[in-house]
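Heads up, the sequence shown is in our numbering, so the first residue is 84 and it goes up one at a time.
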Amino acid sequence: MELSRRGVLGGVGSAFAIGAIGFAGAATVTDEGDAPVDGGSGPAIGPAAAGETGGDGAADSVAADRSAPFEATLVADGDDAGTLFDAADLSRVQGVISEEREHLVYVALSDDGIDAVQERLAEAGATDEPDRFVVSMTLDSAEVRRVELDDARVTALTDDEWSGVLTLPFGQEPVAAEVYESLASE
84 MELSRRGVLG GVGSAFAIGA IGFAGAATVT DEGDAPVDGG SGPAIGPAAA GETGGDGAAD
144 SVAADRSAPF EATLVADGDD AGTLFDAADL SRVQGVISEE REHLVYVALS DDGIDAVQER
204 LAEAGATDEP DRFVVSMTLD SAEVRRVELD DARVTALTDD EWSGVLTLPF GQEPVAAEVY
264 ESLASE
């Protein structure tokens, strides 16, 4: 199963024209205790990296390890506003897919995970005031990604037609690889 462009068209295509919500843009990535570095921005879909491909040249997804120490937390005005999703909400993961300066990891939420994300956004007030919120993603309690929410992202995340696929672009391949390896079940 492929979670990239060919695998997810139709989900939020009207909002993003690619079917996956890209957590790109104003983001930082922290790598092994170093200072935050630019997480990168740009296209959310790219060709698979060498050695990570299926028969058609695209990376295949694998079942997510639902016990992985990964969590995406909503932060409102600098204060913790609760979990947006964690590994238990995921069903599949795909990566590392490299394109230019970005290294992508795709995650697909389960049906229950999609419902939970949409409910948690509404309960926290992010559907009313998305610009107050950021999403802090951690692996083993260390932040690996930070994303500012905006109207377009929250609208796409709460759309009834959203397929549950998120694109996590990283500026450094080792960070993307660590996230993927933790989330991919063995």
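Where is the CB? At the ideal position from N, CA and C, for every residue including glycine. What you are looking at is a predicted structure, and each value in this text was computed from that prediction instead of being measured.
Flag this pair as yes or no: are the beta carbons of residue i and residue j separated by less than 8 angstroms?
i	j	result
T166	R203	yes
E185	G254	yes
L232	E261	no
V217	R228	no
M192	F168	The amino acid occupying residue 192 in the given sequence is Leu; Met does not appear at that position. Yes; because the gap between Cβ atoms is below 8 angstroms, this pair is in contact.
G196	V188	no
L173	A147	yes
T238	Q201	no
S144	A170	no
V158	S224	no
Return the bridge partner residues of residue i from the DSSP annotation.
i	result
Y189	Q177, T250
D163	V158
A170	Paired residues: none, contrary to the question.
A205	Answer is none; A205 lacks a bridge partner.
A225	L222
E182	E185
A267	A147
In this structure, does DSSP put residue i in helix, strand or coil?
i	result
Q147	Sequence inspection shows Ala at residue 147; the Gln mentioned does not correspond to that position. Reduced to three states, the DSSP call for A147 is strand.
A260	helix
D242	coil
V237	helix
P130	In this prediction, P130 scores a pLDDT of 24, lower than 50, which makes its location untrustworthy; the coordinate-derived value is nonetheless stated afterwards. Of the three classes helix, strand and coil, the one that applies to P130 here is coil, per DSSP.
Q255	coil
Spell out a yes or no on whether the stretch 174 to 185 and the stretch 205 to 213 are touching, meaning 3 or more CB-CB pairs, one atom from each, closer than 8 angstroms.
Contact fails: fewer than three Cβ-Cβ distances are below 8 angstroms.
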